[in-house]
Amino acid sequence: MSKPNFKKDKISIQHIGKQRFWFGVIAGVISAFAISLIFNRMRETIRFISGVSIDLVILKEDELLFFNYFFAALASSLGFSITIWVWMRSKIHQRKKYKRYKEQAKTQALFFFWTILFLTAQLSYLLLFVALAGVSSLDLPIDLYKDHWLLFVLTPIVIFLQNWFSVRLIYKSGAWIFFSFCFSIILTFILQYTTTVNQNEINSIYFTSYKSAYEYIDKETQKAKENYGIEFSEKDIEVLKQWNTQASIQQVRSIKLNFEEKDSVDLKTIILEKIIIHNYKHRDKYRHSDQRNPFVNWHYALPKDISKQLSSFDVNSNETKELFEVLKELIILVNKSKLESNSANNSTYFNLEKYNSEYKVNVEVIRELKKVCDSLKKTNTYTNFCKTLPEIQSNQNTN
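The working numbering puts the sequence shown at residues 1245 to 1643.
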């Protein structure tokens, strides 16, 4: 009497079926290409929306390359899930146990496939919501690349191995795991080179919108280095080129406070204030004002604080020269503005959503600026400097 054979068969094209084998490979490759394209297009769409509503997220070169390979590897492993699902639909095995295992393998392959896609979609919707809510991803408390890079490395590997774990309940895998892994790596490189979207396409559009602002920042920082020996760090320049991040808002706020609280500010702070005013950077969103503090929503150094700083420096000092440049930028700003009366019911005291947008300035700012300029013109010490100041226009329309 012959003993029953409970040994597993080695996986082969014959056991899968030649037609089904190649159909599974082709379906997996096509799925991988489609998923990789979707991932990359989705990422660039979110970046584009963030650039419209807040600051554009610009990935550094090493960070961009890492996520490009991650999306390609994840798409490759998900494509392999489709391949396994097609292969395990073969009905060559007649044993009930193997039929159940095949059903399990198919179910797990689809489970991982749709779960990863669902989680990716949820994360994308979350980032999109954050962008539309006006919160910059640069302000998020976690850094996915620096703090959680291992998670991105392990995810496609776990999906790949889990697919083979189910198959090995039915077949002896032999060298198939190794060859399929090599094929997945090759496919990952192909996907990275063929489906990745060049982020410079959106970057160039964004940089064009802020071209004049960036050029002014570069010009002034370079001039400060050549004329005064002041070097701005990469972080300082990076924050100057941001608009809605917490670092940018804090920079505008802290410089204004320095003018208010310090008897004399340093030259670097004065130059920073000049750049900030020229580019119309804002401190934070509107807060209801009252009669006691009509300047609560004014983002920059008050004219009286600039006058106070002038009294702290010699007339021939570099600080005096740059402080008059700050005054000049203030006059240019208010000359372009629409006036508002000092009303607590006004909801747009200083309405500046994007660079070079229409903005409004409280009439009290104009009055104080005129008072300071008139006082300086009466002082013979600043005669030459006052000649460089534009005239304050008084024909703006009040809303």
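The C-beta atom is built at its ideal place from N, Cα and C for all residues, glycine as well.
So, at 8 Å on beta carbons, what are the nonlocal neighbours of residue i in its own chain, with the 5 sequence-adjacent residues on each side left out?
i       : result
ILE1461 : ILE1481, LEU1484, LYS1485, ILE1519 and ASN1523
SER1361 : Before going on, a small fix: residue 1361 reads as Leu here, not Ser. Within the same chain, LEU1361 has close Cβ partners ILE1279 and LEU1322.
SER1551 : VAL1616, SER1619 and LEU1620
GLN1352 : GLN1406, ASN1407 and SER1410
ILE1257 : PHE1265
ILE1474 : ALA1468, LEU1511, LYS1512 and ILE1515
GLN1348 : SER1410 and LEU1413
Can you tell which of the options has its C-alpha closest to the C-alpha of residue i?
i       : options                               : result
ILE1293 : THR1440, VAL1411, LYS1262 and ILE1449 : ILE1449
ASN1444 : GLN1494, LEU1303 and VAL1607          : LEU1303
LEU1388 : LEU1413, PHE1310, THR1627 and LYS1463 : PHE1310
LEU1308 : SER1320, TYR1437 and LYS1343          : TYR1437
VAL1605 : PHE1539, GLU1475 and TYR1458          : PHE1539
GLY1418 : CYS1617, LEU1620, GLU1608 and ILE1255 : ILE1255
LEU1354 : MET1332, LEU1431, LEU1370 and LEU1371 : MET1332
SER1325 : LYS1580, GLY1272 and GLU1504          : GLY1272
GLU1566 : TYR1472, TYR1458, SER1581 and LYS1621 : TYR1472
GLN1553 : ASN1560, TYR1544 and THR1564          : THR1564
SER1368 : ARG1285, ASP1253, ASN1312 and CYS1617 : ARG1285
PHE1396 : TYR1313, PHE1356, ILE1434 and ILE1421 : TYR1313
ILE1493 : SER1561, ASP1299 and LEU1394          : ASP1299
LYS1350 : ASN1407, ILE1610 and LYS1416          : ASN1407
ASN1488 : HIS1526, ALA1457 and ASP1510          : HIS1526
THR1440 : VAL1609, LEU1281, GLU1608 and ILE1636 : LEU1281
SER1428 : LEU1322, PHE1356 and PHE1362          : LEU1322
GLU1573 : CYS1617, VAL1301 and SER1424          : CYS1617
LEU1511 : THR1627, LEU1363 and SER1561          : SER1561
LYS1343 : ILE1414, ILE1257 and SER1275          : ILE1414
VAL1496 : ILE1474, PHE1265 and ILE1521          : ILE1521
PHE1425 : LYS1455, ILE1403 and ASN1442          : ILE1403
THR1627 : LEU1363, VAL1559 and TYR1345          : VAL1559
ASP1253 : LYS1416, GLU1459, GLN1366 and ILE1274 : LYS1416
GLN1366 : PHE1283, TRP1266, GLU1347 and ARG1412 : PHE1283
LYS1346 : GLU1635, ARG1412 and THR1623          : ARG1412
THR1359 : THR1399, SER1453 and HIS1543          : THR1399
ILE1576 : LYS1455, LYS1463, THR1625 and GLU1635 : GLU1635
Could you check where the alpha helix (DSSP H) with residue i kicks off and where it finishes?
i       : result
GLN1553 : 1547 to 1554
ILE1521 : 1511 to 1522
TYR1626 : Element bounds for TYR1626: n/a, residue is neither H nor E.
PHE1539 : Per DSSP, PHE1539 belongs to no alpha helix (DSSP H) and is neither H nor E.
THR1327 : 1305 to 1331
ASN1502 : 1490 to 1505
ILE1474 : Looking at the DSSP string, ILE1474 is not in any alpha helix (DSSP H), and its letter there is neither H nor E.
LYS1390 : 1388 to 1391
GLU1573 : 1562 to 1579
HIS1526 : Segment: none, HIS1526 is in no alpha helix (DSSP H) and carries neither H nor E.
VAL1616 : 1607 to 1621
ILE1257 : 1257 to 1260
Residues in its own chain within less than 7 Å of residue i by CB, not counting five upstream and five downstream?
i       : result
ILE1513 : The sequence shown places Thr at residue 1513, not Ile. Cβ within range, chain order: ILE1499 and ASN1502.
ASP1507 : SER1556
LEU1372 : ILE1290 and ILE1293
LYS1479 : none
VAL1509 : ASN1502, PHE1503 and GLN1553
TRP1329 : LYS1350, ALA1353 and LEU1354
GLN1263 : none
LYS1327 : Here residue 1327 turns out to be Thr, not Lys, going by the sequence shown. Closer than 7 Å at the Cβ level, and outside the excluded window around THR1327, lie GLY1268, VAL1269, ALA1271 and GLY1272.
Could you round the C-beta distance between residue i and residue j to whole angstroms and report it? I think they count as a contact, below 8 Å.
i       : j       : result
THR1465 : PHE1476 : 5 Å
LEU1633 : PHE1568 : 7 Å
ILE1515 : ALA1468 : 5 Å
LEU1435 : ALA1316 : 4 Å
ILE1610 : VAL1578 : 6 Å
ILE1446 : GLU1305 : With a Cβ gap of about 16 Å, ILE1446 and GLU1305 do not count as contacting.
Looking only at its chain, what residues have a beta carbon closer than 6 Å to the beta carbon of residue i, apart from the 5 residues adjacent to it on each side?
i       : result
GLU1504 : ASP1549
ILE1421 : TRP1408
GLN1637 : ASN1579
THR1432 : ALA1316, ALA1317 and SER1320
GLY1295 : TYR1450
PRO1547 : GLU1612, LEU1613 and VAL1616
PHE1629 : PHE1568
SER1275 : GLY1323 and ILE1326
Check: Curious, which full-length beta strand (DSSP E) runs of at least 3 residues does the stretch 1400 to 1444 contain?
Finding: none
Checklist line | 4-residue-minimum alpha helix (DSSP H) runs that sit fully inside the stretch 1262 to 1298, ordered along the chain | finding: 1262 to 1297
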